[in-house]
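Peer 1:
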Amino acid sequence: MPPVLHDPAKLARAFAAIVGEANLRPPAGAEARCANLIVAPSGADEIAEIVRKCEADRVTLAPFGAARTLAEIRRAPADIGVALARMKRIVAYEPDDMTIVAEAGATLAELNAAMAARGQWLPADPPRPELTALGAMVAAARFGPSRLSEGTVRDLLIGVRFAGHGGRLVHGGGRVVKNVAGYDLMKVMTGSFGTLGIITETTFRVRPLPARRLIATTRFGDAASSFKAARTLHDAVPLAHLEVASPSVAAALGLDAEFTLIAGFGGSSVEADYLRSRIPELLGADCAVAGGAEAGAIYQRLRDFDLSASSAELLAATPPAELAALLADAPGGFLAFAGSGIARIFLDARAAGDLTRMVEALRTRARDARGHVRVVRVLPELRGGLEIFDQPAAPAMNLMRRMKAAFDPRGVFNSGCFVGGL
Amino acid sequence: MASVGKSALDSAAVAELRAILGDDAIVSRPTELKVYECDGWTIEKSAPELLLRPRSSSEISAVLKALHRREIPFVPRGAGTGLSGGCLPVGAPVMICTSRMNRILAIDYANRRVEVESGVVNLHVSNAVRERGFFYAPDPSSQMACTIGGNIAENSGGPHTLKYGVTTNHVLGLEIVLPDGEIAELGGPAEERLGYDLVGAVVGAEGTAGIVTRAILKLTREPEDRRTLLAIFADVGAATRAVSAIISAGVIPGAIEMMDRLIIEAVEDAFHAGLPRDAGAVLIIELDGIAAALDAQAREVAELARASGAREVRLARDESERATLWKARKRAFGAVGRLAPNYATQDGVVPRTRLPDILREIAAIAERHSLKIGNVFHAGDGNIHPIVLYDERDADETRRAIEAGREILRACVAMGGSLTGEHGIGVEKMAEMPLIFSPDDLIVMSELRRVFDPELRANPNKVIPAPGSCVETAAPRRQTAL
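Protein chains in written order, with this note's numbering: chain A, 1 to 422; chain B, 1 to 482.
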């Protein structure tokens, strides 16, 4: 269906009637690439009304937290952006059950702050938790170093509420840590990039904060030997996280500009004391082991790492042992989550055509290793015809088309920027 | 019965299936089909009209294409160890059993992956990789018999899922034959998903998305060492308070399992595992991880258990003592068979801190219905497994057993819990779905189901109650199905 050209004043009046004049605003900064008008509802009921209005009048919408992901993947702004910034309530925190329920506009940092006094956290640790709204974290399947030991949002999300087509307020899962009642709507919403509905509330299982944290770093002459050491270590001891950084990324992390293995451990004091002596046996005497505040600082730099000066950032995923070969002669720098088979790749290019060729070459090789490559960020002037997502194989893609049609029959939810143009 | 699928299993259809599979893959004699009339949920029984035992994905594809053309519904089956009637044929004349597809196709230690056919027995996966120091984490009590395909359908758990997660956390890729016969590969050996998480939607769909034929699973590294403790309590209240105390202290054991007196006695009669017959409840607590830290952790846990009222905490001294404890736990269900001709196992979940409340409630329900109910369950997850004993020859007792089970589930829901932690909804708990899901939730779930199975021919009449049905309609259905 061709898009409808809406009269901006009429559109603003229609949504002001739902959320109030004070909760409409023009987009600011990167938001301008996401939506022409920002609507900030106060709760799920208003979101349901917004969805019904959008479906009735063929208004396109894009749900967002900080608008970082959307600004990268949308080719043109949606008619309205549904900002969750007013929906930040911690609905229920049960420290003894180790579960927490929060509205989707609360940030990860706010969630963790609510649990800090009880020594707990949500161990999903994507970059910049203070900017990461929970709904966006789920929708974009954002993750960080701790995925190796704690899993990702996919593993931690035990309940979800969202506004679906027809303004239906739907929930899946519940508030218990083990639950197989009904279809797994948490998995469906995780990584759906806002194309199936607007997430309004999330429930997570949480974990104790590690009493002690250690980080070991070791330098290597080449990528292959750093990945080999990573695997040896991974097989020998339980790790919290495990990375290999290319020289440029190591330097940007404040380490020496060499291929660097970074391994994190979290646990009790007894475990930490034991590992302090065990790690040098495994990695060699010239590894550096940091603890206490120093380990905390390295972990935070690692988690929040960004090379925004680069032209583009990619996310490559392969089976873990295939990652070293993929990265061996890849252009640019990388931060590889070695135990998980995932790498953030930072590319520099002068022209859109060059960048597209580099990405396509990586995609071909990732596919050969039964993996794929996603574009996470790209300078707008270099985007050209670059596809953000790889294309799934035909039978799976057909199911995804049916999934989109089932959840979004009118095509209002952030359409056109997901896999296969969904 | 509600919406029974249209069946046209005439002689021409049977002849076509025979031509695809050959005679040795088809069971059609009623006496032989009786074996397939139920799974571990024995209250309802209904044999299929025809049982197919295909050898490959392409055979399943050919079979489903034929059934699709003839508009004949089917029900997939693994080993039939399910506990919610998930593979009970309800309006599906054809049952398709994956047990012949039992090859482990590839073990990839470097990537910690294993690719298997869906009929592989759960324990065979761990057995195949153990000598290299790996295991497949989800370990249901039926793991000696249940298949990976069945585990995927039910999103099965097990004692060690407290620390290691359930089936969905360990399945990366699937090959599925869709109900129209098309073969689709979903996911793959990489951890990150590309596009919608179709694997996540199929795991736990209880066989309503099609027939899973292959799976790529994650392997987990064996912990360096373990400590297995037996904590002995005077009553279940103290035992369950100890569970919360341990987990709140920041210790995440590999497993915490509870058995009450009725189960302890049954297990002792059957296996002489050395459990104290005079105890009100015991906890089996397993700690795993870095060997150097385990003794300190075991001392901490023993202290926490004593502070919660444990009269004694024993430590398994060697692998044989550990194996005895786990054998007692995993065979508890079998031991219960000695106590009554029949039993029904419930699978409700409550927030962990509500365990003392739900156990009190279960005792009251048992008393009210003059029934014996034993408890053996995954205490760390709050996932209860009350075992309701009855004799199916006694119609009134059977009725009371069903009613008691439903009251237990309603109590779980009232405490903020769920109907099922790992056994699935099946036919057993379908009528209770509206207790936790709104009509809109159920509409969207059924739309999701139709993405894979637009004509509702894969395992029909399961999971989501037919529109217009309600809790009250369930009782007569169950009585007629007995």
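Where is the CB? At the ideal position from N, CA and C, for every residue including glycine.
Residue ranges of each alpha helix (DSSP H) run of no fewer than 4 residues wholly in the segment 408-462 of chain B, ordered along the chain?
Peer 2: DSSP runs (the alpha helix (DSSP H)) wholly in the segment 408-462 of chain B: 433-436, 439-452.
Peer 1: Answer with buried or exposed for residue 241/A, where buried requires no fewer than 16 other C-beta atoms within 10 angstroms of its C-beta.
Peer 2: With 16 or more other Cβ atoms within 10 Å, it is buried.
Peer 1: Chain B partners of residue 43/A, CB-CB under 8 angstroms?
Peer 2: The contacting residues do not exist; residue 43/A stays about 17 angstroms from chain B at best.
Peer 1: Straight-line CA distance for residue 332/B to residue 262/B?
Peer 2: Near 10 angstroms, if we compare the C-alpha coordinates of residue 262/B and residue 332/B.
Peer 1: Report yes if the CB atom of residue 190/A is closer than 7 angstroms to the CB atom of residue 147/A, and no otherwise.
Peer 2: No. Outside cutoff.
Peer 1: Would you mind giving the Cβ-Cβ distance between residue 160/B and residue 218/B, rounded to the nearest angstrom? I have them listed as a contact below 8 angstroms.
Peer 2: Actually they are not in contact, since the Cβ atoms of residue 160/B and residue 218/B sit about 14 angstroms apart, beyond 8 angstroms.
Peer 1: Measure from the alpha carbon of residue 412/A to the alpha carbon of each residue in 16/A, 65/A, 40/A, 196/A, then state which is nearest.
Peer 2: Of the candidates 16/A, 65/A, 40/A, 196/A, the one whose C-alpha sits nearest the C-alpha of residue 412/A is 196/A.
Peer 1: Closer than 8 angstroms by beta-carbon distance: list the chain B residues that pair up with residue 431/A, in chain order.
Peer 2: Examination of residue 431/A is not possible in this model, given that chain A is present from 1 through 422 alone.
Peer 1: Please go through the same chain and pick out, in chain order, the residues whose beta-carbon is closer than 6 angstroms to the beta-carbon of residue 14/B, but skip the five residues on each side of it.
Peer 2: Nothing listed; no residue qualifies.
Peer 1: Just the chain A side, please: which residues come within less than 9 angstroms of residue 244/B by C-beta, in chain order?
Peer 2: Within chain A, the residues near residue 244/B are 96, 97.
Peer 1: May I have the straight-line CA-CA distance separating residue 217/A from residue 262/A, to the nearest angstrom?
Peer 2: Going by the C-alpha atoms only, they are around 5 angstroms apart.
Peer 1: Taking 8 angstroms as the cut-off, does the segment 27-34 of chain B touch the segment 231-239 of chain A (at least 3 CB pairs, one atom from each stretch)?
Peer 2: Because the criterion of three Cβ pairs below 8 angstroms is not met, the segment 231-239 of chain A and the segment 27-34 of chain B do not touch.
Peer 1: Using a 10 Å radius around the Cβ and a threshold of 16 neighbouring Cβ atoms, would you call residue 57/B buried or exposed?
Peer 2: Buried, since its Cβ has 16 or more Cβ neighbours within 10 Å.
Peer 1: Spell out the partners DSSP gives residue 201/A in its beta bridges.
Peer 2: 103/A, 161/A.
Peer 1: So what does DSSP say about residue 107/B, is it helix, strand or coil?
Peer 2: Residue 107/B: strand per DSSP, three-state reduction.
Peer 1: Between which two residues does the alpha helix (DSSP H) carrying residue 124/B extend?
Peer 2: Run containing residue 124/B: 122-129, per the alpha helix (DSSP H) assignment.
Peer 1: Can you check whether the C-beta of residue 411/B is within less than 7 angstroms of a C-beta belonging to chain A?
Peer 2: By this cut-off, residue 411/B is not an interface position.
Peer 1: Taking a Cβ distance cut-off of 9 angstroms, strictly less, list which residues of the segment 435-461 of chain B are near chain A, in chain order.
Peer 2: Within the segment 435-461 of chain B, the qualifying residues are 436, 437, 438, 440, 441, 442, 443, 444, 445, 446, 447, 448, 449, 450, 451, 452, 454.
Peer 1: I'd like to know if residue 358/A contacts chain B, where contact means its C-beta is closer than 7 angstroms to some C-beta of that chain.
Peer 2: With 7 angstroms as the cut-off, residue 358/A does not count as an interface residue toward chain B.
Peer 1: Please check the pair residue 76/B and residue 459/B, which I expect to be a contact at CB under 8 angstroms, by giving their CB distance rounded to whole angstroms.
Peer 2: With 8 angstroms as the limit, residue 76/B and residue 459/B qualify as a contact, their Cβ atoms being about 6 angstroms apart.
Peer 1: When you compare the CB of residue 399/A with every CB in chain B, is at least one pair closer than 7 angstroms?
Peer 2: Output row for residue 399/A: interface = yes.
Peer 1: Please confirm whether residue 210/B and residue 452/B have their CB atoms less than 7 angstroms apart.
Peer 2: Yes. Within cutoff.
Peer 1: Would you kindly check if the distance between the Cβ of residue 198/B and the Cβ of residue 186/B is under 7 angstroms?
Peer 2: The answer is yes: Cβ separation under 7 angstroms.
Peer 1: Chain B beta carbons: is any one of them nearer than 7 angstroms to that of residue 146/A?
Peer 2: Residue 146/A does not count as touching chain B.
Peer 1: Kindly indicate which residue of 209/A, 279/A, 414/A has the alpha-carbon position closest to the one of residue 118/A.
Peer 2: Of the listed residues, the one whose Cα sits closest to residue 118/A is 209/A.
Peer 1: Which runs of the beta strand (DSSP E) fall wholly inside the segment 231-273 of chain B and span at least 3 residues, in chain order?
Peer 2: Those beta strand (DSSP E) runs which fall completely within the segment 231-273 of chain B and span 3+ residues are 255-260.
Peer 1: Between the segment 389-397 of chain B and the segment 431-439 of chain B, do at least 3 Cβ pairs fall closer than 8 angstroms?
Peer 2: No, they do not touch.
Peer 1: Per DSSP, what kind of secondary structure is residue 72/B in: helix, strand or coil?
Peer 2: The answer is coil: DSSP assigns residue 72/B none of H, G, I, E or B.
Peer 1: Taking Cβ positions, are residue 361/B and residue 323/B nearer each other than 7 angstroms?
Peer 2: No.
Peer 1: Alpha carbon to alpha carbon, how far is residue 57/A from residue 365/B?
Peer 2: Distance between the alpha carbons of residue 57/A and residue 365/B: 54 angstroms.
Peer 1: What residue from 161/A, 421/A, 408/A has the CA that sits closest to residue 447/B's CA?
Peer 2: Nearest of 161/A, 421/A, 408/A to residue 447/B, Cα basis: 408/A.
Peer 1: Is there a C-beta anywhere in chain B that falls below 7 angstroms from the one on residue 268/A?
Peer 2: Interface residue, yes.
Peer 1: By how many angstroms is the C-alpha of residue 265/A removed from the C-alpha of residue 238/A?
Peer 2: Taking the straight line from one Cα to the other gives about 7 angstroms.
Peer 1: Examine the Cβ distances between the segment 341-359 of chain B and the segment 86-97 of chain B and report whether three or more of them are shorter than 8 angstroms.
Peer 2: Output reads no: the segment 86-97 of chain B does not touch the segment 341-359 of chain B.
Peer 1: Determine, using beta-carbon pairs with one atom in the segment 241-257 of chain B and one in the segment 294-304 of chain B, whether at least three such pairs fall under 8 angstroms.
Peer 2: Cβ pair count under 8 angstroms is three or more, so yes.
Peer 1: If the cut is a Cβ gap below 7 angstroms, which residues of chain B does residue 169/A touch?
Peer 2: Correct list: 440.
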